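Before any comments, here is the structure.
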Amino acid sequence: MTTFKIPTSNFSPHPSGTFEGQIVAVEDKGQVETQFGLKPKVAIVVESETELMEGGRPYTASLWVTLSSSNKSKLYKTRASLLGRDLTPDERANFQDTELIGMRVGYQVVQREGREGGIFANVDQVWPLKQNQATSEPGREKEEELLLV
0 MTTFKIPTSN FSPHPSGTFE GQIVAVEDKG QVETQFGLKP KVAIVVESET ELMEGGRPYT
60 ASLWVTLSSS NKSKLYKTRA SLLGRDLTPD ERANFQDTEL IGMRVGYQVV QREGREGGIF
120 ANVDQVWPLK QNQATSEPGR EKEEELLLV
């Protein structure tokens with residue numbers, strides 16, 4: 000008989016709160032079952048500039064949106080907010096990941112328990128930051144807090 004050791008997970012979800020970061024990817028999640036049927040989804044991935052994991056890597060979190068041109072959709076509102084203007088007719092009909100990748104954003108993370116357990120950290124909202132706005136070094140706030148104690 001062979002015994003297999005099951006590895007333990009050391010996954011650490013992004014902490015809840017408000018942070019600064021950069022959009023590093025837009026991932027195609029394909030057709031996802033929702034309460035309204037199958038919908039095409041993408042995840043806008045934000046990498047933290049202000050919060051680090053124990054190993055020193057930045058946390059990441061995602062904003063899941065439905066690919067929709069409706070001006071009421073989360074994707075439409077997010078794009079218009081981040082671009083600082085209304086979308087052109089071409090932008091309403093097409094979405095290119097390059098319009099968001101590299102943008103510096105403020106974002107809010109909310110943690111929720113999954114249907115099958117576990118904690119998921121999702122981006123609840125994003126807003127634009129000035130591209131030249133100085134960002135403190137990742138983890139710098141924690142160092143300053145330690146110095147004050």
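Here the sequence shown is numbered in numbering that gives the first Met the number 0, starting from 0 and rising by one per residue. Note that the Cβ used here is the ideal one computed from N, Cα and C, for glycine as well. Treat the numbers as computed from the prediction; the structure is a model and nothing was measured.
Pick helix, strand or coil for SER80, following the three-state DSSP scheme. In this structure, SER80 counts as helix in the three-state DSSP scheme.
Could you work out which residue in THR87, LEU62, GLN95 is closest to GLU46 when comparing CA atoms only? LEU62
Buried/exposed call for PHE18, threshold 16 Cβ in 10 Å: buried
Could you spell out the range, first to last residue, of the alpha helix (DSSP H) harbouring GLU90? 88-92
Bounding residues of the beta strand (DSSP E) (the contiguous stretch that carries LEU51): 36-51
Assuming THR1 is part of the beta strand (DSSP E), what are its boundary residues? No beta strand (DSSP E) holds THR1; DSSP gives it neither H nor E.
SER61: first and last residue of the uninterrupted beta strand (DSSP E) it sits in: Element bounds for SER61: 57-65.
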